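Scroll down for the structure; my scribbles are underneath it.
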Amino acid sequence: DLCRGASIFAALPSLLLVLLGLLEAASGCPTVCICNSNGTDCTGLALLSLTTILPLLPQDTRTLRLSHNNLSSLGDGALSNLSALELLDLSDNHLSSLQPGNQTEVTQCNGSRWGLSRELFQGLWILKGLDLSLNGLVVFPNGLLDGLQGLAWLSLTGNKLRSLDRATFQPLGRLLSLQLAGNPWECDCNLRDFKHWMEWLLYRHGQVDAVKCNLPKELRGRDIRSIPIEMFNYCLQLENQASVHGYDGPRGGRPPCVGRINGPMNGPQANQEDCVRQRYRPISVRRAWGTQIVAACVCGVVCVMMVVAATYGCIYASLMAKYQRELKNTCKKCQSIKSLSNVMYLLLTF
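Counted the way mature numbering (1 follows the signal peptide of the UniProt record, and there is no 0) counts, the sequence shown spans residues -28 to -1, 1 to 322.
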């Protein structure tokens, strides 16, 4: 009996753990998190993984806050069971383990090695808010947001993003607010298409916070929205030159310079000055000539119409003056005849 009682006593901790697990599963809330009727708050728990938390979350969870943890990666489709999720907060984690110097490696792995894969948000059809700020993200993989057509608010604040692809955000037809401050943006050809998309979002009464350029130095501190679109026309010229010289376009880094394509420069300073001249190169002369010819034709037609109108006005004025003079003379003759008729009438009466 004593041995049997000792074995039962030794098994009590395991039984308690099982009971705790059953209670957690029944309540639908991990013990380390704070839950309410709308969501779960697992903020600041130094979590390294979600494997112990996600199975305990109810499928009707609307809000999930996972900020201020040590999450470095999330499994593909790990959140797919939370189909009712509307707000997901992943801010202030470590979803990017690569440094800015590893840009080539990041591009080749397309985000699969730094915590954000294309299948990460699969199944979150009604997600409306997504916070990925303060994660040290270096690049944002294409296709990551394809299944989030209902997304209305997105924060990428405080990362290490240098450029964004327009195709990544085109599926977000309901996006109303985009936060991009605190990133080292490079205002070169890689941001040209995204600038066009951002202007389209603003046209739809959307909101975008400050997107201040870090490079080139001449534009540092300026908001990309204040930079005229004509300053990006050199990208078209670079693409034309690239097609001629077999270069793969201005994508994937800083735009090439004329000197870099046509031949070596005399030192890095000369190469840099040539880049600056190319960066501020004005619109092509051929297009300027075409615009001037069209403007000259329009001005000529307007001038001819003005001359015709003035001539018609002068002719009409002279004809009216002549008519008035003739009418006045006719009236004078009528008065003379009337006065003579009156005199004759008086003579006949006497």
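Yeah, the Cβ is synthetic: ideal placement off N, Cα and C, and Gly gets one too. Note that this is a predicted model, so its numbers are computed, not measured.
Cβ of residue i within 8 Å of Cβ of residue j?
| i | j | result |
| --- | --- | --- |
| R37 | D61 | yes |
| G119 | W97 | yes |
| residue 406 | L117 | Because the chain here runs from -28 to 322, residue 406 falls outside it and cannot be looked at. |
| N107 | P156 | no |
| L147 | L99 | no |
| R197 | V183 | yes |
| D103 | S63 | yes |
| Q121 | P143 | yes |
| G95 | L59 | no |
| R134 | E171 | no |
So, is residue i buried or exposed, given that buried needs 16 or more other C-beta atoms within 10 angstroms?
| i | result |
| --- | --- |
| D48 | exposed |
| S311 | exposed |
| N65 | buried |
| G272 | exposed |
| G11 | buried |
| A(-4) | Its pLDDT being 45, under 50, A(-4) is placed unreliably in this model, and the value from its coordinates should be taken loosely. Label assigned to A(-4): exposed. |
| L319 | exposed |
| L299 | exposed |
| D160 | buried |
| L163 | buried |
| C275 | exposed |
In angstroms with no decimal places, state the Cα-to-Cα distance between residue i and residue j.
| i | j | result |
| --- | --- | --- |
| C1 | R138 | 39 Å |
| C7 | F204 | 50 Å |
| V4 | D195 | 43 Å |
| L67 | N53 | 21 Å |
| L92 | I199 | 35 Å |
| C(-26) | L29 | Only weak support is given to the placement of C(-26): the predicted model assigns it a pLDDT of 49, under 50, and the value that follows is read from those uncertain coordinates. Cα to Cα, the separation comes out at about 40 Å. |
| L174 | W125 | 14 Å |
| R176 | H168 | 13 Å |
| I309 | T302 | 11 Å |
| D181 | P188 | 20 Å |
| V280 | C286 | 10 Å |
| V266 | A50 | 60 Å |
| C14 | T140 | 29 Å |
| S105 | P27 | 25 Å |
| E202 | G262 | 16 Å |
| F166 | I25 | 37 Å |
| K305 | T283 | 34 Å |
| V270 | Q307 | 55 Å |
| K294 | Y288 | 10 Å |
Give the C-beta separation of residue i and residue j to the nearest angstrom, bearing in mind that I take them to be a contact with Cβ-Cβ under 8 Å.
| i | j | result |
| --- | --- | --- |
| F112 | L136 | 6 Å |
Please tell me whether residue i has its Cβ less than 8 Å away from any Cβ of chain B.
| i | result |
| --- | --- |
| S127 | Here chain B cannot be found, since the structure has a single protein chain. |
| task | Taking 8 Å as the threshold, find out whether the segment 42 to 56 comes into contact with the segment 19 to 27 through three or more Cβ pairs. | result | Touching, yes.
| query | Contact between the segment 152 to 166 and the segment 124 to 133: three or more CB pairs below 8 Å? | reply | yes
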